[in-house]
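Everything on this sheet refers to the single structure shown next.
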Amino acid sequence: MELSNRQEQIIEIVKGNGPITGEKIADQLGLTRATLRPDLAILTMAGFLDARPRVGYFYTGKTGSELLTEKIKQYKVQEFQHIPIVVKEEVSVYDAISTMFLEDVGTLFVVDDNSCLTGVLSRKDLLRASIGQQDLNAVPVHIIMTRMPNITVCRKEDLIIDVAQKLINKQIDGIPVVKDKNEGLEVVGRVTKTTITKVFVELITDDQI
-10 MELSNRQEQI IEIVKGNGPI TGEKIADQLG LTRATLRPDL AILTMAGFLD
40 ARPRVGYFYT GKTGSELLTE KIKQYKVQEF QHIPIVVKEE VSVYDAISTM
90 FLEDVGTLFV VDDNSCLTGV LSRKDLLRAS IGQQDLNAVP VHIIMTRMPN
140 ITVCRKEDLI IDVAQKLINK QIDGIPVVKD KNEGLEVVGR VTKTTITKVF
190 VELITDDQI
């Protein structure tokens, strides 16, 4: 978040004189309390200042980068997950390749008849299967997919920063969001590297940080 000159001045005043009332801040800047109110509201919502009734404003001591880090650590998967792109176990490798290109994704999740996760297909899996003379229409995806327990999953309550770490550590493009079901783990969403990129871009450009 980029602060205006006046907002920077307010922070310096509160740093040196806090706790200090809005009226006194306005006096030092030669402004009315009404004129200053929007700036104080922005600085308080952003976390640079804290306010207590009948006491005044305090400087929190936090830098912009620290506030950004705190914001990131509050984001959960359920706020950013996308609709999962799934295929059934019996689908052919050829059809899976077609689905991946049509949906413009890097990972497909393989499910059974109960919509429960049984495997994952990456671009590498499909490329590897495409090399050779075999008929891709005759090879079902369950032959080449990565199976449990070698699948990294997450849940909607997980922190987005933790999922980002999993993507990096496992060097994978996407992670299925799952929930418990009697028959297994139902796939309810997905988080990808693109998801994480969008989160950080939106966070940095959000005026309400």
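Everything in the sequence shown is counted per the working numbering, starting at -10 for the first residue and increasing by one.
Glycine residues also receive a C-beta, built at the ideal position from the N, C-alpha and C atoms.
Where the beta strand (DSSP E) containing residue 14 begins and where it ends: On the sequence shown, position 25 is the one that residue 14 refers to. That residue, residue 14, is in no beta strand (DSSP E); its alpha helix (DSSP H) goes 11 to 18.
Enumerated in chain order, which unbroken segments of the beta strand (DSSP E) with a length of 3 residues or greater are wholly contained in the segment 140 to 186? For the segment 140 to 186, the continuous beta strand (DSSP E) assignments of 3+ residues that do not extend past its boundaries occur at 163 to 170, 173 to 181, in sequence order.
Contact set for residue 10: own chain, Cβ-Cβ below 6 Å, skip 5 residues either direction: Residue numbering aside, residue 10 sits at position 21 when the sequence shown is read from its first letter. Answer for residue 10: 45, listed in chain order.
What are the residues that DSSP puts in a beta bridge with residue 129? One-based indexing of the sequence shown puts residue 129 at position 140. BP columns for residue 129 point to 81.
Please state if the CB of residue 85 and the CB of residue 76 are separated by a distance shorter than 8 Å. As a working mapping, residue 76 is identified with position 87 in the sequence shown. As a working mapping, residue 85 is identified with position 96 in the sequence shown. Cβ atoms of residue 76 and residue 85: closer than 8 Å.
Using the three-state DSSP reduction, which class does residue 5 fall into: helix, strand or coil? In the sequence shown, the residue the question calls residue 5 occupies position 16. In the structure shown, residue 5 sits in a helix (DSSP, three-state: H, G or I).
Quick one: give me the first and last residue of the alpha helix (DSSP H) that residue 33 is part of. On the sequence shown, residue 33 is found 44 positions in, with the first residue counted as 1. That run of the alpha helix (DSSP H) goes 22 to 35.
Rounded separation between residue 78 and residue 97 - CA only: Against the sequence shown, residue 78 aligns to sequence position 89. Against the sequence shown, residue 97 aligns to sequence position 108. Their Cα atoms are separated by approximately 11 Å.
I'd like the list of long-range same chain contacts for residue 196, defined as Cβ closer than 6 Å, with 5 residues on each side in sequence excluded. What you label residue 196 is simply residue 207 of the sequence shown in a count that begins at 1. For residue 196, the pLDDT reaches just 41, beneath the cut-off of 50, and the residue's location in the model is therefore unreliable, leaving the point undetermined.
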